[in-house]
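Asker: One structure coming up, written as structure tokens, with questions to follow.
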Amino acid sequence: MQGLLCYCRQGFEPELAGELTQRAAEAGFAGYARTQRNDGYVVFACEDEGLSEALPWQQLVFARQKLALITELRGLDPADRITPMLAALAGTPRFGDVWVEHPDSDAAKPLAGLARSFGNALRPALRKAGLLSAKEDSRLPRLHVLFVNGDHAFLGIAQPADAAPWPLGIPRLRLLPDAPSRSALKLEEAVLALLRPDERETLLRAGMSAADLGAAPGGWTWVLTRQHLRVTSVDNGPLRQHVLDTGLVEHLRADGFRWQPAQPLDWMVCDMVEQPRRVAERMATWLREGWCRHTIFNLKLPMKKRWDETTLCLEILREQSGGLRTVRAKQLYHDREEITVFASKGGR
Ligand SMILES: C[S@@+](CC[C@H](N)C(=O)[O-])C[C@H]1O[C@@H](n2cnc3c(N)ncnc32)[C@H](O)[C@@H]1O
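With numbering that gives the first Met the number 0 applied, the sequence shown has no gaps in its numbers, which climb one by one up to 347 at the end.
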């Protein structure tokens, strides 16, 4: 079997399957998605070469991780799972690292212990077989072993430049005690997952200006002030006092769908809970009118047809914004029934 193995949030397998099917077809690849609800992963079977390169990880909305599938191993003997894996890997290039994982699903979480101990046993065996570099080497492809059961695993390959750099595709972020809300983690993760390292340096700099629409109690504003941005925080609700005490924040009690800045800003972020199309239209207006150059915002997804709604909202954004240099959208680990979008007109 060839194709892709992608991880996703539990329950969002139909969205990921729909996305992979549509995106593969648009890129000229025939294949089909194999998935079960609540598995936390989707296999996209496709015999053609080149599908993984055609669907970059950063451009996939519902994929936390994207791997090129090597094989699926069923009926593994708990006494020796390694021998069939080494046999399946014969002829593959040398890997720079190996990650043994399990889907982020209720059913698979108990496999965490097995994944850890099996990784410790597999690593020396791979080295002995010449399949793993002596030291971790991020220039080489990475081997992933995904246990979906004690006797059932997938083997996949990640190209480190085109894959999530976190085990299970989940960045481990710690909520700091003075974060005003858990939502702060969403913006922190968005910056990590949606901006490249060079963009984090050049696009988020001390002294830049930003608006935060739907800011209360102040989690996203607080994240921006930690980067020393000056923030206008728009919300009828209150902000936490220590956020105001940074001296970098102006709080406006106004409607985030009506308010516009007097001067163009570098950034606008938005976490207002509203109809996603209405949010997409308002974000497009901000970019088209030049009120901001970069934006990160959330789209709350409906209960049904969530992939259709995602494509529609991204189309609205592209069509109504008057030309964007970058649009990237992802369902982040800290996103529940929503996705997060980074859109930029370019410039510093
Ligand atoms: C999910 S909370 C935002 C949490 C915030 N990002 C944080 O990190 O603390 C959504 C906020 O949007 C605000 N909101 C909803 N509709 C709004 C509107 N039309 N104008 C301004 N704020 C709005 C609500 O008052 C609420 O505080």
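Quick reminder that beta carbons are idealized off the backbone N, C-alpha and C, glycines included.
#1: Between GLY236 and ligand 1, is the CB less than 6 angstroms from at least one heavy atom?
#2: Can you tell me whether MET267 is buried or exposed, with buried defined as 16 or more other CB within 10 angstroms of its CB?
#3: Apart from the five residues on each side of it in sequence, which residues of its chain come closer than 6 angstroms, Cβ to Cβ, to PHE256?
#4: Using a Cβ-Cβ cut-off of 7 angstroms (strictly less than) and excluding sequence neighbours within five positions of LEU194, which residues of its own chain qualify?
#5: For ASN119, name the three-state secondary structure that DSSP assigns.
#6: Under 8 angstroms by Cβ, that's how I've got ARG126 and ALA120 pegged, so tell me the actual separation to the nearest angstrom.
#7: In the DSSP assignment, what residue or residues form a beta bridge with GLN64?
#8: In its own chain, which residues sit with a C-beta less than 7 angstroms from the C-beta of GLY17, not counting the 5 before and 5 after it?
#9: Just to confirm, does MET271 get its C-beta within under 6 angstroms of one of the non-hydrogen atoms of ligand 1?
#10: Where DSSP assigns a beta bridge to ILE338, which residues make up the other side?
#11: Within 6 angstroms: the Cβ of TRP219 and any heavy atom of ligand 1?
#12: Confirm the yes/no value for this check: CB of SER232, any heavy atom of ligand 1, distance under 6 angstroms.
#13: Here's the rule I'm using: 16 or more other beta-carbon atoms within 10 Å means buried, otherwise exposed. How should GLY39 be labelled?
#14: Thinking C-beta only, is ALA157 closer than 7 angstroms to LEU66?
#15: Please report the Cβ distance between MET271 and LEU212, rounded to the nearest whole angstrom; I am assuming they are in contact, meaning their Cβ atoms lie under 8 angstroms.
#16: Indicate whether ILE338 and VAL60 have their beta-carbon atoms separated by less than 7 angstroms.
#17: Report all residues from its chain with a CB closer than 7 angstroms to the CB of ARG317; omit the five preceding and five following residues, and keep chain order.
#18: For the beta strand (DSSP E) containing LEU42, list its first residue and its last residue.
#19: State yes or no: is the C-beta of PHE256 nearer than 6 angstroms to some heavy atom of ligand 1?
#20: Would you call SER354 buried or exposed, if buried means 16 or more other Cβ atoms sit within 10 Å of its Cβ?
#21: Can you say whether HIS227 is buried or exposed, counting buried as having 16 or more other CB atoms within 10 angstroms of its CB?
#22: How many whole angstroms separate the CB atoms of LEU154 and THR82, which I take to be in contact at a CB cut-off of 8 angstroms?
#23: Assuming THR231 and PRO275 make a contact with CB atoms under 8 angstroms, what is their CB distance in whole Å?
#24: Ends of the alpha helix (DSSP H) at MET282?
Answerer: In short:
#1: Yes, the beta carbon of GLY236 sits closer than 6 angstroms to at least one heavy atom of ligand 1.
#2: Its Cβ being crowded by 16 or more others within 10 Å, MET267 is buried.
#3: Excluding positions up to five away in sequence, the list reads ARG281.
#4: Correct list, in chain order: LEU202, PHE341.
#5: The three-state secondary structure of ASN119, taken from DSSP, is helix.
#6: Contact flag wrong, Cβ pair sits at about 12 angstroms.
#7: Residue pairing from DSSP places GLN64 in a beta bridge opposite TYR6.
#8: Excluding sequence neighbours, GLY17 sits near TRP306.
#9: Within the cutoff, so yes.
#10: Looking at the DSSP assignment, ILE338 forms a beta bridge with LEU298.
#11: Correct: TRP219 has its Cβ closer than 6 angstroms to ligand 1.
#12: Between ligand 1 and SER232, a heavy atom-to-CB distance of less than 6 angstroms is absent.
#13: The residue is buried, with at least 16 neighbouring Cβ atoms inside 10 Å.
#14: For LEU66 and ALA157, yes; Cβs fall inside 7 angstroms.
#15: A Cβ-Cβ separation of about 6 angstroms places MET271 in contact with LEU212 under the 8 angstroms criterion.
#16: It is a contact, given that the beta carbons lie within the stated cut-off.
#17: For ARG317, where only same-chain residues beyond five positions count, the Cβ hits under 7 angstroms are LEU323, VAL326.
#18: Here the sequence assigns Val to residue 42, which means Leu is not the residue at that position. Here the beta strand (DSSP E) through VAL42 covers 40-44.
#19: At least one heavy atom of ligand 1 is nearer than 6 angstroms to the Cβ of PHE256, so yes.
#20: Past the edges of the chain, shown from 0 to 347, lies residue 354, and the structure says nothing about it.
#21: With fewer than 16 Cβ atoms within 10 Å of its Cβ, HIS227 is classed as exposed.
#22: Actually they are not in contact, since the Cβ atoms of LEU154 and THR82 sit about 14 angstroms apart, beyond 8 angstroms.
#23: About 24 angstroms separates the two Cβ atoms, so there is no contact after all.
#24: For MET282, the uninterrupted alpha helix (DSSP H) segment begins and ends at 275-287.
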